[in-house]
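> Order-wise, the sequence lines are chains A and B.
FYI, this note's numbering numbers position 137 of the first sequence as 137, with every residue one higher than the one before it.
FYI, this note's numbering numbers position 286 of the second sequence as 286, with every residue one higher than the one before it.
The C-beta atom is built at its ideal place from N, Cα and C for all residues, glycine as well.
First the structure, which I've put down as structure tokens, then a few questions once you've had a look.
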Amino acid sequence: MTRRDPRPSAGGPLLRVRGVRKVFGRNVVLDGLDLDVDAHQVVVLIGASGSGKSTLLRCVDLLETVDDGVIELSGQDITDPRADADAVRSRIGIVFQSFNLFPHLSVLDNVTLAPRRVHRVPRERAETRALELLDRVGLRHKAGARPDELSGGQQQRVAIARSLVNDPELMLFDEVTSALDPELVGEVLDLVRDLKSDGMTMVVATHEMGFARQVADRVCFLDGGRVLEQGPPEQVLGDPEQERTRRFLRRIIDAGRL
Amino acid sequence: MVSRTGSPTPAPDPVAAAGPGSGWVPSPLQRERIAYRGRQTRRSLLVAAASTAAVGGVLAAVTVNAPGWPRVRESFLSYDMARRALPDLLAGFWLNIRVFSVSAVLILALSLLIALMRTLRGPVFWPLRAVAVVYVDVFRGIPLLLVLYLVGFGLPGLRLQGIPTDTVVLGIIALTLSYSAYVAEVFRAGIESVHPSQRAAARSLGLSAGQTMRLVVLPQAVRNVVPPLLNDLVSLTKDSGLISVLGIPLDVIRYAQIAQMGRANFTPYVVAGLLFMLLTVPMTRFTDAVSRRYGYLPAGGHL
Numbered sequence: 001m002t003r004r005d006p007r008p009s010a011g012g013p014l015l016r017v018r019g020v021r022k023v024f025g026r027n028v029v030l031d032g033l034d035l036d037v038d039a040h041q042v043v044v045l046i047g048a049s050g051s052g053k054s055t056l057l058r059c060v061d062l063l064e065t066v067d068d069g070v071i072e073l074s075g076q077d078i079t080d081p082r083a084d085a086d087a088v089r090s091r092i093g094i095v096f097q098s099f100n101l102f103p104h105l106s107v108l109d110n111v112t113l114a115p116r117r118v119h120r121v122p123r124e125r126a127e128t129r130a131l132e133l134l135d136r137v138g139l140r141h142k143a144g145a146r147p148d149e150l151s152g153g154q155q156q157r158v159a160i161a162r163s164l165v166n167d168p169e170l171m172l173f174d175e176v177t178s179a180l181d182p183e184l185v186g187e188v189l190d191l192v193r194d195l196k197s198d199g200m201t202m203v204v205a206t207h208e209m210g211f212a213r214q215v216a217d218r219v220c221f222l223d224g225g226r227v228l229e230q231g232p233p234e235q236v237l238g239d240p241e242q243e244r245t246r247r248f249l250r251r252i253i254d255a256g257r258l
Numbered sequence: 001m002v003s004r005t006g007s008p009t010p011a012p013d014p015v016a017a018a019g020p021g022s023g024w025v026p027s028p029l030q031r032e033r034i035a036y037r038g039r040q041t042r043r044s045l046l047v048a049a050a051s052t053a054a055v056g057g058v059l060a061a062v063t064v065n066a067p068g069w070p071r072v073r074e075s076f077l078s079y080d081m082a083r084r085a086l087p088d089l090l091a092g093f094w095l096n097i098r099v100f101s102v103s104a105v106l107i108l109a110l111s112l113l114i115a116l117m118r119t120l121r122g123p124v125f126w127p128l129r130a131v132a133v134v135y136v137d138v139f140r141g142i143p144l145l146l147v148l149y150l151v152g153f154g155l156p157g158l159r160l161q162g163i164p165t166d167t168v169v170l171g172i173i174a175l176t177l178s179y180s181a182y183v184a185e186v187f188r189a190g191i192e193s194v195h196p197s198q199r200a201a202a203r204s205l206g207l208s209a210g211q212t213m214r215l216v217v218l219p220q221a222v223r224n225v226v227p228p229l230l231n232d233l234v235s236l237t238k239d240s241g242l243i244s245v246l247g248i249p250l251d252v253i254r255y256a257q258i259a260q261m262g263r264a265n266f267t268p269y270v271v272a273g274l275l276f277m278l279l280t281v282p283m284t285r286f287t288d289a290v291s292r293r294y295g296y297l298p299a300g301g302h303l
């Protein structure tokens, strides 16, 4: 699949997060977080539950409003209230832990909804493109099925196809295998690896450390609403500098997940 | 998926179900089980038929042998009376059907509008939200009969230009105002029953708030509230007759009342009741069939 080149951004990172703060009630989830992601780079976010991985991804996709700080996509400040949020969202693809396919639509209609309704692509062209994407995730034969007729792994692959249909500049993955049975995890992770080899820019929140090691250009350990430590996967996962990172990884190893 | 246990239909022939050439033959154990389940099904059918017949027989016997039965039969179930009253009753029922059909369409439209107004976010829409809340509070609080009097006699009393004076139109307006308040709450419950993750998924694809509501939330919301929606519509078929408190024309219940007057015979009411059932029972079966046809499992509620 051909990948659209990210917009010219004067050499800066594709995604630039500066001092982002997000508060739910009294709970400070993101506390002045900084993160840069260059084009074609895969950044993996790790950290305990509640460390802010999901919230960060939702803030980047403008599903949450940040309480402070700036997020820039290709040099454009998307946290500016004057920015067209719908247009920004259609430049970013996100895949959720719980798939969130639309249960009242067929697989094909799930994928064609955005192009037909947002970008006014004629039905025939939208469906040709959707079938290509479904082919790519190995589910062309399920185009007419309803989401509830698919396994969890198949649903998640459809969700990935659906989020690719807008030709996003950036893909966000929010613990996409956490709701899957162990034997279905592989088919979804293979797809993410595929996207990496296409040069897709991705931010991936995950608990699958083995996968993080394989796919990441950089691993970021989130703690207390900030990036506490980041670097190449061998270093962060193999020989972390911070005591907290070491403790987190030890717990994961004890749980048999590494 | 739907559990098959307790299904009244006998299990399909296992050899045929396995398909030709699969080479599978049920084990003696499985044959034993199939035979046992078959015996159980036949037995439970027999028990159900026998107990139904017994209870029905006892009820019928008690009623027919009651000391006042001949009098009751004459004044509630008189064939002669029913035949004589039927043409008038049908004429009245036709009015009920017309009033019901028109108000049902208006109610669905108005209540959906109010429910949507109530779900709008942001300070700009505060007045619209307030209007929706006040509307529901007021029209759910006032008895339908009172709304009928206020609209039926009050509105024309204003003597304004363009206000309808036809009692049927006024009655339909009153029914619509009153019922929309209830149905709006049904729609609102449906809209709120759609998990927020569905909105997040739709918005993340670039759909606007309006598109998300129209293409993703509402189709699921409406399906979730079909049973309570039908409940209100069935109730409306019966309340549609209340408009005859405004005078002419007369609905089926008023005709029954007139037919009963002077003769102390209540058969016309029984006939009117049967007419309503002829309308509502098929309606219920039809909606059930439609929901089954478009059935799907709703989106998971986690995260």
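(1) Under 8 Å by Cβ, that's how I've got L33/A and G225/A pegged, so tell me the actual separation to the nearest angstrom.
(2) Span of the alpha helix (DSSP H) holding L322/A?
(3) Are three or more beta carbon pairs between the region 258 to 265 of chain B and the region 215 to 227 of chain B nearer than 8 Å?
(4) Taking Cβ-Cβ distances shorter than 9 Å, what residues in chain B pair up with N166/A?
(5) If the cut-off is 7 Å on Cβ atoms, which residues from the region 115 to 132 of chain A count as contacting chain B, listed in chain order?
(6) What number of angstroms, rounded off, separates the C-alpha of V29/A from the C-alpha of R247/A?
(7) Would you tell me roughly how many angstroms separate the C-alpha atoms of V37/A and K22/A, rounded to the nearest one?
(8) What number of angstroms, rounded off, separates the C-alpha of L144/B from the C-alpha of L77/B?
(9) Restricting to Cα atoms, I'd like to know which of M209/A, A179/A, G199/A and V137/A is closest to D254/A.
(10) Which first and last residues belong to the alpha helix (DSSP H) in which A205/A is found?
(11) Within the same chain, show all residues whose beta-carbon is closer than 7 Å to that of S151/A, passing over the 5 residues directly before and after it, in chain order.
(12) By the criterion of Cβ-Cβ separation under 9 Å, what are the contact partners of A289/B in chain A?
(13) Kindly list the residues whose CB is nearer than 8 Å to the CB of A85/B, restricted to its own chain and excluding five residues on each side of it in sequence; keep chain order.
(14) List, in chain order, every chain A residue whose beta-carbon is nearer than 8 Å to that of A200/B.
(15) With a threshold of 16 other CB atoms inside 10 Å of the CB of Y179/B, please say whether the residue is buried or exposed.
(16) Reducing DSSP to helix, strand and coil, say where F211/A ends up.
(17) Just how far apart, CA to CA, sit P182/A and G153/A?
(18) Would you say L62/A and T201/A are within 9 Å of each other, going by their C-beta atoms?
(19) Taking the CB atoms as reference points, tell me whether L250/B and G92/B lie closer together than 9 Å.
(20) Give the residues of chain B in contact with R89/A, contact being defined as C-beta atoms less than 8 Å apart.
(21) Rounded to the nearest angstrom, what separates S51/B and Q40/B at their Cα positions?
(22) What do you reckon, are the CB atoms on I160/A and V188/A nearer than 9 Å?
(23) Under 9 Å, Cβ to Cβ, is there at least one residue of chain A near V216/B?
(24) Which class does D190/A belong to by DSSP, given the choice of helix, strand or coil?
(25) Closer than 8 Å by C-beta to V2/B: which residues in its own chain qualify, once you throw out the five before and the five after it? Chain order, please.
(26) In the DSSP assignment, what are the bridge partners of C59/A?
(27) Given a cut-off of 9 Å, decide if P233/A and R244/A are closer than it, judged by their beta-carbon atoms.
(28) With a 10 Å radius around its C-beta and 16 neighbouring C-beta atoms as the bar for buried, classify F211/A as buried or exposed.
(29) Please decide whether D86/A counts as near chain B, where near means a Cβ-Cβ distance under 9 Å.
(30) When Cβ atoms are compared, which residues of the region 102 to 113 of chain B fall closer than 8 Å to chain A?
(31) Within 10 angstroms of the Cβ of Y36/B, are there 16 or more other Cβ atoms? Answer buried if so, exposed if not.
(32) How many Å lie between V66/A and S291/B at the Cα?
(33) Buried or exposed: which applies to S27/B, given that a residue is buried once 16 or more other Cβ atoms fall within 10 Å of its Cβ?
(34) My parser needs the alpha helix (DSSP H) runs of 4 or more residues fully inside the region 43 to 103 of chain B; what are they?
(35) Return no unless some Cβ of chain B is closer than 9 Å to the Cβ of L113/A.
(36) Given that a residue counts as buried once 16 or more other Cβ atoms are within 10 Å of its Cβ, and exposed if not, what is T112/A?
Reading it off the structure:
(1) In the first sequence, the residue the question calls residue 33/A occupies position 33. In the first sequence, the residue the question calls residue 225/A occupies position 225. Between G225/A and L33/A the Cβ distance is about 6 Å, and since that is below 8 Å, they are a contact.
(2) Chain A is shown from 1 up to 258; residue 322/A falls before or after that span and cannot be answered.
(3) no
(4) Taking the first sequence and counting its residues from 1, one reaches residue 166/A at position 166. Those within 9 Å of N166/A in chain B are L205 and G206.
(5) R117 and V118
(6) Position 29 of the first sequence holds residue 29/A. Position 247 of the first sequence holds residue 247/A. Between V29/A and R247/A, the C-alpha separation is close to 20 Å.
(7) Looking up residue 37/A in the first sequence gives position 37. Looking up residue 22/A in the first sequence gives position 22. Cα to Cα, V37/A sits roughly 20 Å from K22/A.
(8) In the second sequence, counting from the first residue as 1, residue 144/B sits at position 144. In the second sequence, counting from the first residue as 1, residue 77/B sits at position 77. C-alpha separation (whole angstroms): 31 Å.
(9) Start at 1 with the first residue of the first sequence, and residue 254/A comes out as number 254. Comparing Cα positions, the closest option is M209/A.
(10) What you label residue 205/A is simply residue 205 of the first sequence in a count that begins at 1. Segment T201 to A205 is the beta strand (DSSP E) holding A205/A; no alpha helix (DSSP H) there.
(11) Here the question's residue 151/A lines up with position 151 in the first sequence. Excluding sequence neighbours, S151/A sits near L184.
(12) Taking the first residue of the second sequence as position 1, residue 289/B is located at position 289. Under the 9 Å cutoff, chain A gives no residues; its nearest Cβ is about 18 Å from A289/B.
(13) Taking the second sequence and counting its residues from 1, the one referred to as residue 85/B is at position 85. Here the set comprises Y255, A256, A259, T267, P268 and V271.
(14) By one-based count along the second sequence, residue 200/B stands at place 200. Ordered by position in chain A, the residues that pass the 8 Å Cβ test against A200/B are R58, L63, F96 and N100.
(15) Taking the first residue of the second sequence as 1, we reach residue 179/B at position 179. So Y179/B ends up on the buried side.
(16) For the purposes of this step, residue 211/A is taken as residue 211 along the first sequence, with counting starting at 1. F211/A: helix per DSSP, three-state reduction.
(17) Numbered from 1 along the first sequence, position 182 holds the residue referred to as residue 182/A. Numbered from 1 along the first sequence, position 153 holds the residue referred to as residue 153/A. If I take the Cα positions, the gap works out to 10 Å.
(18) The residue you call residue 62/A lines up with position 62 of the first sequence. The residue you call residue 201/A lines up with position 201 of the first sequence. Cβ atoms of L62/A and T201/A: not closer than 9 Å.
(19) Position 250 of the second sequence, counted from the first residue, corresponds to residue 250/B. Position 92 of the second sequence, counted from the first residue, corresponds to residue 92/B. Contact flag set, yes.
(20) Here residue 89/A is taken as the residue at index 89 of the first sequence, counted from 1. Going along chain B in sequence order, the residues near R89/A (Cβ under 8 Å) are R203, S204, L205 and G206.
(21) Taking the first residue of the second sequence as 1, we reach residue 51/B at position 51. Taking the first residue of the second sequence as 1, we reach residue 40/B at position 40. C-alpha separation (whole angstroms): 16 Å.
(22) In the first sequence, residue 160/A corresponds to position 160, counting from 1. In the first sequence, residue 188/A corresponds to position 188, counting from 1. Yes, the pair counts as a contact, with Cβ atoms nearer than the cut-off.
(23) The residue given as residue 216/B occupies position 216 in the second sequence. By this cut-off, V216/B is an interface position.
(24) As a position in the first sequence, residue 190/A is number 190, starting the count at 1. Helix, per DSSP.
(25) Looking up residue 2/B in the second sequence gives position 2. Any reading at V2/B needs caution, since the residue's pLDDT is 41, under 50, leaving its predicted position unreliable; the model's value is listed next. Same-chain partners within the cutoff: there are none.
(26) Along the first sequence, read from residue 1 onward, the residue named residue 59/A stands at position 59. For C59/A, which the question treats as bridged, DSSP gives no partner whatsoever.
(27) Counting from one through the first sequence, the residue named residue 244/A turns up at place 244. Counting from one through the first sequence, the residue named residue 233/A turns up at place 233. No, the pair does not count as a contact, with Cβ atoms beyond the cut-off.
(28) On the first sequence, position 211 is the one that residue 211/A refers to. With 16 or more other Cβ atoms within 10 Å, it is buried.
(29) By 1-based counting over the first sequence, the position of residue 86/A is 86. Output row for D86/A: interface = yes.
(30) none
(31) For this step, residue 36/B is matched to residue 36 along the second sequence. Label assigned to Y36/B: exposed.
(32) Within the first sequence, the letter at position 66 stands for residue 66/A. Within the second sequence, the letter at position 291 stands for residue 291/B. So the alpha carbons of these two residues sit roughly 41 Å apart.
(33) Counting from one through the second sequence, the residue named residue 27/B turns up at place 27. Label assigned to S27/B: exposed.
(34) 69 to 76
(35) The residue given as residue 113/A occupies position 113 in the first sequence. Yes, L113/A counts as interfacial toward chain B.
(36) Here residue 112/A is taken as the residue at index 112 of the first sequence, counted from 1. Its Cβ being crowded by 16 or more others within 10 Å, T112/A is buried.
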